[in-house]
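Read left to right, the sequence shown gives residues 422 to 696 (the numbering used here). Glycine included, C-beta positions come from ideal geometry on N, C-alpha and C. Structure record follows, encoded as structure tokens.
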Amino acid sequence: MAYVGCQYTGITKGIEGIIMTTSTIDAIARNQTASSTMDAVKKTAAEDKPKSEISAKKLADDFDAFLLLLTTQLKNQDPTEPLDTNEFTSQLIQFANVEQQVQTNANIEKLVAATQSAGIQQGIGYIGKAIDADGNKGMLVNKNAVFLYELPTNAHKVDITILDRMGRPVFSGPGATGSGKNLVRWDGKDGETRAQLPDGTYQIVVKAETFDGTKIDAKTYTTGVVDAVETEKDGTAVLLLGNERIKIGDVRAVRDIGIPTTTQVSQQPASPPRT
């Protein structure tokens with residue numbers, strides 16, 4: 422929060438008076454409200470100190486300074502021209518409003534922390550499970566990668582292309598043509614050189630068509646085993662499949678390792694040469 426200092430004003434009957442003006446209180450209110458609210462929503466509760474605590478301390482310091490200045494004014498006022506208490510009353514009301522806003526922000530921070538904790542707890546149940554999620558990626562580990570695609574109807578022809586992280590094709594071959602979900606197993610060898618490619622994340626592109634050449638829209642999935650769960654800065658829980666981060670909301674199926682995705686699973690044969 423930007424620091425807002427106290428303002429000093431004129432001299433009353435030869436005695437220097439110090440007051441905090443309404444404009445200063447307004448500035449404090451604006452800064453406290455805007456800064457604290459945005460920080461409470463956008464920052465995670467894992468930071469060293471919640472923003473509401475910082476705002477509350479700053480507000481308390483400003484209020485203490487205000488009371489000191491007020492008592493100084495009252496002690497040094499001219500009895501023949503007493504201070505107008507309306508302005509001080511207005512300032513006290515504004516302090517109360519800002520204090521209420523800071524408390525609201527503290528509650529928001531607690532809610533964010535609770536949401537993060539709930540997301541982590543939910544994600545723990547996925548660890549060690551195989552999932553199918555929106556996407557088109559597969560993880561090559563120890564010469565084995567699995568990809569998944571789904572056809573709305575039987576196809577006459579399906580062409581599979583596997584790309585590396587840079588989008589370069591490293592393997593091409595025919596795919597299973599049955600309707601439903603079809604599993605593609607790849608040994609990680611380059612389709613041309615037969616060289617073993619490094620472990621990592623690869624992508625699949627599926628082109629399917631009917632007997633008369635009509636295109637069939639194939640839906641692809643990112644599939645793999647969940648290694649861990651983490652939270653993003655906004656509190657969203659994500660599942661880790663190797664280096665891939667999958668939002669829980671993108672998961673479409675969960676199963677124990679070794680259980681097929683559906684009752685009808687087709688496997689891609691061993692890698693043929695790329696065409």
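Per the DSSP secondary-structure output, residue 593 pairs in a beta bridge with 582. Looking at the DSSP output, residue 669 sits in no beta bridge, so it has no partner there. Rounded to the nearest whole angstrom, the CA to CA distance from residue 564 to residue 621 is 10 Å. Taking the C-beta atoms as reference points, residue 671 is found nearer than 8 Å to residue 555. When DSSP reads this structure, residue 560 sits in a beta bridge with 622.
In the DSSP assignment, residue 568 falls within the unbroken beta strand (DSSP E) covering 566-572. Taken through DSSP and simplified to helix, strand or coil, residue 544 comes out as helix. Contact annotation: residue 558 and residue 651 have beta-carbon atoms that are not nearer than 8 Å. For the 8 Å CB-CB criterion, residue 624 and residue 584 form a contact. The secondary-structure analysis by DSSP pairs residue 637 across a beta bridge with 629.
Judged by DSSP in its simplified three-state form, residue 601 adopts strand. Residue 657 sits in coil when the DSSP states are folded into three classes, being neither helix nor strand.
In this model, residue 618 and residue 590 are separated by some 12 Å (Cα to Cα). Cβ contact annotation for residue 630 (same chain, cutoff 7 Å, sequence separation greater than five): 576, 577, 578, 636, 637, in chain order. Under the three-state reduction of DSSP output, residue 651 falls in the strand class. Counting the other CB atoms within 10 Å of its CB gives residue 632 a total below 16, which places it among the exposed residues. Residue environment: residue 678 is assigned as exposed (fewer than 16 neighbouring CB atoms within 10 Å of its CB, all protein chains considered). DSSP places residue 552 within a strand segment (E or B) once states are collapsed to three. When 674, 548, 562 are compared, the shortest CA-CA separation from residue 610 is found for 562.
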